[in-house]
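Trainee: All letters in the sequence shown, in the order written, are residues 4 to 591 by this note's numbering. The structure that follows is given in the form of structure tokens.
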Amino acid sequence: MMSKQDFNWENFETKGFGEGYSKAQREEMAAMYEGTLNEITEKEVIKGTVVGVNDKDVIINIGFKSDGLVPLNEFRDLESIKPGDEVEVFIEEQENALGQLILSRKKAKIVRAWQDIESAFENDSVIEGLVKRRTKGGLIVDIYGVEAFLPGSQIDVKPIRDFDIYVGKKMEVKVVKINHANDNVVVSHKVLIEKDLEKQKAEILNNLEKGQVLEGVIKNMTNFGVFIDLGGVDGLLHITDISWGRINHPEEVLQLDQKVQIVVLDFDDDKKRISLGMKQLTSHPWDSLAGNLEVGSKVQGKIVNVADYGAFLELAPGVEGLIHVSEMSWSQHLRNPADFVKVGDEIEAVVLTLDKDERKMSLGIKQLTEDPWTKEDMSTKYAVGTKHKGVVRNLTNFGLFLEMEEGIDGLVHVSDLSWTKKIKHPSEFVKVGDELDVAVLELDVENRRLALGHKQLEENPWDTFETVFPVGSVHKCTVVSKNDKGAVLELPYGLEGFATSKNLEKEDGSQVEVGESLDFKVTEFSKDDKRIVMSHTAMFREEAKPAKKAASTKKKEDAADKTPAEKSTLGDLDALAELKEKMEGGKK
Numbered sequence: 004m005m006s007k008q009d010f011n012w013e014n015f016e017t018k019g020f021g022e023g024y025s026k027a028q029r030e031e032m033a034a035m036y037e038g039t040l041n042e043i044t045e046k047e048v049i050k051g052t053v054v055g056v057n058d059k060d061v062i063i064n065i066g067f068k069s070d071g072l073v074p075l076n077e078f079r080d081l082e083s084i085k086p087g088d089e090v091e092v093f094i095e096e097q098e099n100a101l102g103q104l105i106l107s108r109k110k111a112k113i114v115r116a117w118q119d120i121e122s123a124f125e126n127d128s129v130i131e132g133l134v135k136r137r138t139k140g141g142l143i144v145d146i147y148g149v150e151a152f153l154p155g156s157q158i159d160v161k162p163i164r165d166f167d168i169y170v171g172k173k174m175e176v177k178v179v180k181i182n183h184a185n186d187n188v189v190v191s192h193k194v195l196i197e198k199d200l201e202k203q204k205a206e207i208l209n210n211l212e213k214g215q216v217l218e219g220v221i222k223n224m225t226n227f228g229v230f231i232d233l234g235g236v237d238g239l240l241h242i243t244d245i246s247w248g249r250i251n252h253p254e255e256v257l258q259l260d261q262k263v264q265i266v267v268l269d270f271d272d273d274k275k276r277i278s279l280g281m282k283q284l285t286s287h288p289w290d291s292l293a294g295n296l297e298v299g300s301k302v303q304g305k306i307v308n309v310a311d312y313g314a315f316l317e318l319a320p321g322v323e324g325l326i327h328v329s330e331m332s333w334s335q336h337l338r339n340p341a342d343f344v345k346v347g348d349e350i351e352a353v354v355l356t357l358d359k360d361e362r363k364m365s366l367g368i369k370q371l372t373e374d375p376w377t378k379e380d381m382s383t384k385y386a387v388g389t390k391h392k393g394v395v396r397n398l399t400n401f402g403l404f405l406e407m408e409e410g411i412d413g414l415v416h417v418s419d420l421s422w423t424k425k426i427k428h429p430s431e432f433v434k435v436g437d438e439l440d441v442a443v444l445e446l447d448v449e450n451r452r453l454a455l456g457h458k459q460l461e462e463n464p465w466d467t468f469e470t471v472f473p474v475g476s477v478h479k480c481t482v483v484s485k486n487d488k489g490a491v492l493e494l495p496y497g498l499e500g501f502a503t504s505k506n507l508e509k510e511d512g513s514q515v516e517v518g519e520s521l522d523f524k525v526t527e528f529s530k531d532d533k534r535i536v537m538s539h540t541a542m543f544r545e546e547a548k549p550a551k552k553a554a555s556t557k558k559k560e561d562a563a564d565k566t567p568a569e570k571s572t573l574g575d576l577d578a579l580a581e582l583k584e585k586m587e588g589g590k591k
């Protein structure tokens, strides 16, 4: 029987937690406990198990000596979180001031995202992202919770004009650049397309041949043509190869991103420049022209171009005829085609020449009206002596051309402008655009010639002048101008006389100067040449010769000399008054 002294009361007394163990037992138990815990390091991502959820926090066991707390709002992306779920968390602190383990799921996601991004960059792998919004120059794409920049030039191989269509959609991208300094990530969708296009491009170039029909997408437009994407290969569709008809800009018939059928027209040896055609897929409009179209046929069309030399009339898209300016009016004076037609006018014309092989046609619109020279009343309307009014259209050294009506022109010779004035050039008398009254002097219908005169509207005053300015008559004249040969004198009735230099000497030996008004004697009169020659010197030299005669005789001679001069100077007053009135009326 055990004695009192041998009884150990410690085996039967209630102990506290951890008491009642020997030192060896405690060490053994501690070793066993430590073996169930994980070694953790702050600032790292680790997996944990949800062991509880309350209104504010989620309690997570990561195998550490204590559980950690994560705010419930960090699990908003999960529909429900419950005990037993495994999640990744970031260890912020092993033990804070309250002895708690601080965890973060949000930071765990960011760290893991960057790890995945770097892995994708290193392995050149494809990742999927969500386009969140557009920004200046491109798009913002969410990949693993990190916002990455997708430049506009890296969205597609073709230019993108509307970025908004991608917002809210998923897109596969590759990481092309990581800037750790400012946590910036650049991605590209274009590189994925380019790889696919390389094979397609190689296949297209290997099989490319003239006449091959392909399908492409319009990627760019210019005023000279359209660039078409053939599947990684670009070709140029020139504006002249879009339509058989005339167009001013490709946008009139095509639009961006439109799918079109085209044919290969040509390419260089390296196949870097590919020329494409669209109109070549349809037959030429000339081949479908009406069989009854011939010279003399009337056609209708629209003016599509106006040039200095004429206008082009489009009968159908691709079928045009030239209306030369000379075929627009019977008038012999060429004008600007814009005076007759303008772009967009729909008019009728007559076929003048037709070459279906060369696909050329010339047209006329004046042929729609009768040639004025062939009208029946031409010979009576413009009979010799008839009076008309016309418009001055052209001036030459020898005369002027007067348009009587459209297609009827007449020539007025410079000598037929005035009876009295010596006109060296028609510009001294009229200017282009003036109206002029004329009389018909000659008509030659066969050769289309019409001679006209302006002075013939009045009687020839030189018949009267012959009696007013006979040789020996004296008239007071004003010197208008002088030259080496002599002086031009202003006579009554608008006439001009001429005096040679030796006949300008005064009685005192000096010369008559410009502007002086003196008596001059007529020494020569020619009605045919319209020439009156005069002399001032003759006024005193002829009187000085008979000095030896008696004074009485001299007086008689003086009286005899003066009498006819006075009579000729006065002339027939009634006839001259009537002549002057006619001439002044003609000038007006």
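Ideal placement from N, C-alpha and C gives every residue a C-beta, glycine not left out.
(1) How is L439 classed by DSSP in three states: helix, strand or coil?
(2) Quick one: grab the DSSP three-state call for D374.
(3) Could you check whether L414 and L455 sit closer than 8 Å to each other, using their CB atoms as the reference points?
(4) Could you give the first and the last residue of the continuous alpha helix (DSSP H) run that contains K204?
(5) Would you mind sorting K392 into buried or exposed? The rule is 16 or more other CB atoms within 10 Å of its CB.
(6) In terms of residue numbering, what span does the alpha helix (DSSP H) encompassing A597 cover?
(7) Is the separation between the beta-carbon of V354 and that of L366 shorter than 8 Å?
(8) Given this structure, state the Cα-to-Cα distance separating D522 from I426, to the nearest angstrom.
(9) Starting from the Cα of K161, find the closest Cα among Y147, M407, K135 and N223 and give me that residue.
(10) How long is the line joining the alpha carbons of S476 and S538, rounded to whole angstroms?
(11) Using the DSSP secondary-structure output, state which residues sit across from V483 in a beta bridge.
(12) CB-CB under 6 Å to L318, same chain, minus the five flanking residues each way: which ones, in chain order?
(13) Could you tell me the alpha carbon to alpha carbon distance between A541 and L444, rounded to whole angstroms?
(14) Thinking E212 and L195 are a contact (beta carbons under 8 Å), I'd like their distance in whole angstroms, please.
(15) For K434, would you say it is in contact with chain C, using Cβ-to-Cβ distances shorter than 8 Å as the test?
(16) Grab the span of the beta strand (DSSP E) containing T619 for me, first residue to last.
(17) Rank I94, E349 and K369 by C-alpha distance to the C-alpha of H327 and give the top, closest one.
(18) Assuming G148 and K177 form a contact by the criterion Cβ under 8 Å, report the distance between their Cβ atoms to the nearest whole angstrom.
(19) With DSSP as the reference, label S278 as helix, strand or coil.
(20) Can you find at least 3 beta carbon pairs, one from the segment 477 to 485 and one from the segment 508 to 521, that sit closer than 8 Å?
(21) So, do the segment 375 to 392 and the segment 339 to 346 have three or more beta carbon pairs nearer to each other than 8 Å?
(22) Classify I168 as buried or exposed, calling it buried when 16 or more other Cβ atoms lie within 10 Å of its own Cβ.
(23) Within the same chain, show all residues whose beta-carbon is closer than 8 Å to that of F501, passing over the 5 residues directly before and after it, in chain order.
(24) Residues in the same chain with beta-carbon distance under 8 Å from R115, minus the five sequence neighbours each way, listed in chain order, please.
(25) Taking the Cβ atom as the reference point for each residue, do V216 and Q264 lie within a distance shorter than 8 Å?
(26) Rounded to a whole number of angstroms, what is the C-alpha to C-alpha distance between W247 and Q283?
(27) Can you tell me where the beta strand (DSSP E) holding S520 begins and where it ends?
(28) Would P74 be called buried (16 or more neighbouring beta carbons within 10 Å of its own) or exposed?
(29) I'd like to confirm something about H327: is its beta-carbon nearer than 7 Å to some heavy atom of the ligand HEM, or not?
(30) Bridge partners of M364, per DSSP?
(31) Throw me the rounded Cβ distance for the G155 and G141 pair, which I believe falls under 8 Å.
(32) Between the segment 404 to 412 and the segment 373 to 381, are three or more C-beta pairs nearer than 8 Å?
(33) Expressed to the nearest angstrom, what Euclidean distance is found between the alpha-carbon atoms of P429 and D311?
(34) If S278 and L239 are in contact, beta carbons under 8 Å, what's the gap, nearest whole angstrom?
(35) Quick one, are the C-beta atoms of V53 and D88 less than 8 Å apart?
(36) Near R396, which residues of its chain fall below 6 Å by C-beta distance, leaving aside the five closest residues on each side in sequence?
Mentor: In this structure, then:
(1) Taking the sequence shown and counting its residues from 1, one reaches residue 439 at position 436. Correct three-state label for L439: strand.
(2) For the purposes of this step, residue 374 is identified with residue 371 of the sequence shown, where counting begins at 1. If DSSP states are grouped into helix, strand and coil, D374 belongs with coil.
(3) To locate residue 455, count along the sequence shown from 1; it is residue 452. To locate residue 414, count along the sequence shown from 1; it is residue 411. The beta carbons of L455 and L414 sit closer together than 8 Å.
(4) Here the question's residue 204 lines up with position 201 in the sequence shown. K193 to N210 is the span of the alpha helix (DSSP H), which, as asked, contains K204.
(5) In the sequence shown, the residue the question calls residue 392 occupies position 389. Around the Cβ of K392, a 10 Å sphere holds fewer than 16 other Cβ atoms; the residue is exposed.
(6) Because the chain is modelled from 4 through 591, residue 597 falls outside the range shown and cannot be assessed.
(7) Residue mapping note: residue 354 aligns to position 351 of the sequence shown, counting from 1. Residue mapping note: residue 366 aligns to position 363 of the sequence shown, counting from 1. Their beta carbons are under 8 Å apart, which means V354 touches L366 by this criterion.
(8) Residue mapping note: residue 522 aligns to position 519 of the sequence shown, counting from 1. Residue mapping note: residue 426 aligns to position 423 of the sequence shown, counting from 1. Each residue's alpha carbon lies about 26 Å from the other.
(9) Locating residue 161 in the sequence shown gives position 158, where the first residue counts as 1. With distances taken between Cα atoms, K161 lies closest to N223.
(10) Looking up residue 476 in the sequence shown gives position 473. Looking up residue 538 in the sequence shown gives position 535. Straight-line Cα distance between these residues: approximately 11 Å.
(11) Along the sequence shown, one-based indexing puts residue 483 at 480. According to DSSP, which records beta bridges pairwise, V483 is partnered with nothing at all.
(12) Along the sequence shown, read from residue 1 onward, the residue named residue 318 stands at position 315. Hits under 6 Å: V302 and G304.
(13) Within the sequence shown, residue 541 is the residue found at index 538, counting from 1. Within the sequence shown, residue 444 is the residue found at index 441, counting from 1. Going from the Cα of A541 to the Cα of L444 covers about 42 Å.
(14) Against the sequence shown, residue 212 aligns to sequence position 209. Against the sequence shown, residue 195 aligns to sequence position 192. Not quite, the Cβ-Cβ distance comes to about 30 Å (not below 8 Å), so this is no contact.
(15) In the structure shown, chain C cannot be found, because there is only a single protein chain.
(16) Past the edges of the chain, shown from 4 to 591, lies residue 619, and the structure says nothing about it.
(17) As a working note, residue 327 is residue 324 in the sequence shown. Answer by Cα proximity: K369.
(18) In the sequence shown, the residue the question calls residue 148 occupies position 145. In the sequence shown, the residue the question calls residue 177 occupies position 174. Their Cβ separation, rounded to whole angstroms, is 18 Å, which puts G148 and K177 out of contact at 8 Å.
(19) On the sequence shown, position 275 is the one that residue 278 refers to. Of the three classes helix, strand and coil, the one that applies to S278 here is strand, per DSSP.
(20) yes
(21) Touching, no.
(22) Along the sequence shown, read from residue 1 onward, the residue named residue 168 stands at position 165. Answer is exposed; the Cβ neighbour count stays below 16.
(23) In the sequence shown, the residue the question calls residue 501 occupies position 498. Here the set comprises G489, A490, V491, L492, R534, I535, V536 and M537.
(24) Residue 115 sits at position 112 when you count from the first residue of the sequence shown. Once the five neighbours on either side are set aside, the close Cβ partners of R115 are V48, E91 and Y147.
(25) Sequence index remark: in the sequence shown, residue 216 carries index 213 (1-based). Sequence index remark: in the sequence shown, residue 264 carries index 261 (1-based). Yes, the Cβ-Cβ distance between V216 and Q264 is below 8 Å.
(26) Numbered from 1 along the sequence shown, position 244 holds the residue referred to as residue 247. Numbered from 1 along the sequence shown, position 280 holds the residue referred to as residue 283. Each residue's Cα considered, the two are about 8 Å apart.
(27) Here residue 520 refers to the residue found at position 517 of the sequence shown. Run containing S520: S520 to S529, per the beta strand (DSSP E) assignment.
(28) The residue given as residue 74 occupies position 71 in the sequence shown. Exposed, by the Cβ-count rule.
(29) Of the ligands one can find in the structure shown there are none, so the ligand HEM has no counterpart to examine.
(30) Indexing the sequence shown from 1 puts residue 364 at position 361. Looking at the DSSP assignment, M364 forms a beta bridge with L357.
(31) Here residue 155 refers to the residue found at position 152 when the sequence shown is read from its first residue. Here residue 141 refers to the residue found at position 138 when the sequence shown is read from its first residue. Rounded, the Cβ-Cβ distance is 5 Å, consistent with contact.
(32) Segments in contact, yes.
(33) Your numbering for residue 429 matches position 426 in the sequence shown. Your numbering for residue 311 matches position 308 in the sequence shown. Rounded to whole angstroms, P429 to D311 spans 29 Å at the Cα level.
(34) For this step, residue 278 is matched to residue 275 along the sequence shown. For this step, residue 239 is matched to residue 236 along the sequence shown. Sure, about 6 Å apart at Cβ, within 8 Å.
(35) By one-based count along the sequence shown, residue 53 stands at place 50. By one-based count along the sequence shown, residue 88 stands at place 85. Contact flag set, yes.
(36) As a working note, residue 396 is residue 393 in the sequence shown. Counting only Cβ-Cβ distances below 6 Å, and skipping sequence neighbours, we find H336, F404 and E406.
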